[in-house]
Amino acid sequence: MKQGLLIDMDGVIYSGEELIQGADKFIKHLIDNDIPFAFMTNNSQRTSLEVVRKLKRLGITVETKHIYTSAMATGKFLGDQSPNGTAFVLGEGGLLSSLHENGITLVDSDPEFVVLGEGRNFTLEMVQRAVDMILAGAKFITTNRDPSPKKPGWNNLGIAATTAMIEEATGRKAFVTGKPSPVMMRSARKFLGLETAETTVIGDTMETDIQGGVQMGYKTILVLSGISSKDQLSHYAFKPDMIASSVDKIVFPLKWWS
1 MKQGLLIDMD
11 GVIYSGEELI
21 QGADKFIKHL
31 IDNDIPFAFM
41 TNNSQRTSLE
51 VVRKLKRLGI
61 TVETKHIYTS
71 AMATGKFLGD
81 QSPNGTAFVL
91 GEGGLLSSLH
101 ENGITLVDSD
111 PEFVVLGEGR
121 NFTLEMVQRA
131 VDMILAGAKF
141 ITTNRDPSPK
151 KPGWNNLGIA
161 ATTAMIEEAT
171 GRKAFVTGKP
181 SPVMMRSARK
191 FLGLETAETT
201 VIGDTMETDI
211 QGGVQMGYKT
221 ILVLSGISSK
231 DQLSHYAFKP
241 DMIASSVDKI
251 VFPLKWWS
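By UniProt numbering, the letter at position 158 of the sequence shown is numbered 158, and the numbering carries on one by one without gaps.
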């Protein structure tokens, strides 16, 4: 039985624009030993090629086959749900490309779906148009509900805040496709060609990576190089299978690999 990894990025491989110590050696070990892996990110702005280029700037060389984004999960989901469907999109390059590649036509009126992703280029007027479309019957999809970092000077309202604003204005709850949604957790595994028992998730956030992995029956590893800390673990009804201070402290083969 082969074994593979779904790996979060921010807080696990890098922090902002800084590589987390040892992450480059960790990824090189996976490549050198032919261990299947994919970076699994909720950010829907970048295309997989743009993610590859960012990682290269940080000193990690991978291919697009190693990237799986919430935009890719959203495009596949809508393509499966509504072949040749239509969508009004509040989002940017990665999301727009994925929807197009999955046969979804982008429209400015009477869409079947309103799709919200991360972005800095849409206006309050566009949000109001999205609200009107949802009230007229369009289905509301959001690529994730990642919170804003709540830091002074942050130049992005944050997708969770924008989602909440549209939900309040329409009275409709968004269907979420990104982590920890089973939509993304399952499609990322299939992207790697793995079975449930062959999949391990590595992440720094209990509410997304670890929760999503636990709900799907995957093994999980929490790294403490990002958001979550050890003293917070007692707050949750679930727990990771392993805890490591950072990815370079993970020893292979993992104890559940047979």
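Backbone N, C-alpha and C fix where the C-beta goes; we use that ideal spot for every residue, glycine too.
Note on the region 125 to 183: whole beta strand (DSSP E) runs with a minimum of 3 residues are 139 to 142, in chain order. Counting C-beta pairs with one atom in each stretch, the region 17 to 27 and the region 52 to 68 have three or more that are closer than 8 Å, which means they touch. Serine 98 sits in a helix when the DSSP states are folded into three classes. Using a 10 angstroms sphere on the CB of lysine 56, the tally of other CB atoms stays under 16, which defines it as exposed. Annotation for valine 201: the continuous beta strand (DSSP E) segment containing it runs 199 to 203. DSSP places lysine 28 in the uninterrupted alpha helix (DSSP H) bounded by 23 to 32.
If you draw a straight line from the Cα of valine 176 to the Cα of isoleucine 35, it is about 30 Å long.
The beta strand (DSSP E) runs lying completely inside the region 33 to 120 and spanning 3 residues or more are 37 to 41, 67 to 69, 86 to 90, 113 to 116, given in chain order. Residue state for leucine 233 is assigned as helix, using DSSP reduced to three classes. A Cβ-Cβ distance of about 13 Å is found for the pair isoleucine 27 and valine 51, leaving them out of contact under the 8 Å criterion.
Residue burial is scored here from C-beta neighbours: serine 98 has at least 16 other C-beta atoms within 10 angstroms and is therefore classed as buried.
Looking at the DSSP output, alanine 244 shares a beta bridge with Val223.
Judged by DSSP in its simplified three-state form, glycine 11 adopts coil rather than helix or strand. Close CB contacts of valine 201 within its chain, under the 6 Å cut and outside five residues either way in sequence, are with Leu6, Asp209, Gly213, Tyr218, Thr220 (chain order). In the DSSP annotation of this structure, the continuous segment of the alpha helix (DSSP H) that includes glycine 213 starts and ends at 211 to 216. Under the three-state reduction of DSSP, leucine 192 is assigned to helix. Taking a contact as a CB-CB distance under 8 Å, the pair threonine 69 and threonine 41 counts as one, their CB atoms being some 5 Å apart.
If you draw a 10 Å sphere on the C-beta of glutamate 118, you find 16 or more other C-beta atoms in it, and that means buried. Selection Pro253, Val223, Ser234 evaluated against isoleucine 243 yields Val223 as nearest (Cα-Cα).
A direct Cα-to-Cα measurement between lysine 173 and threonine 205 gives close to 23 Å. By the CB criterion at 8 Å, glycine 11 and arginine 46 fall outside the cutoff. Rounded to whole angstroms, threonine 142 and aspartate 24 show a C-alpha spacing of 32 Å.
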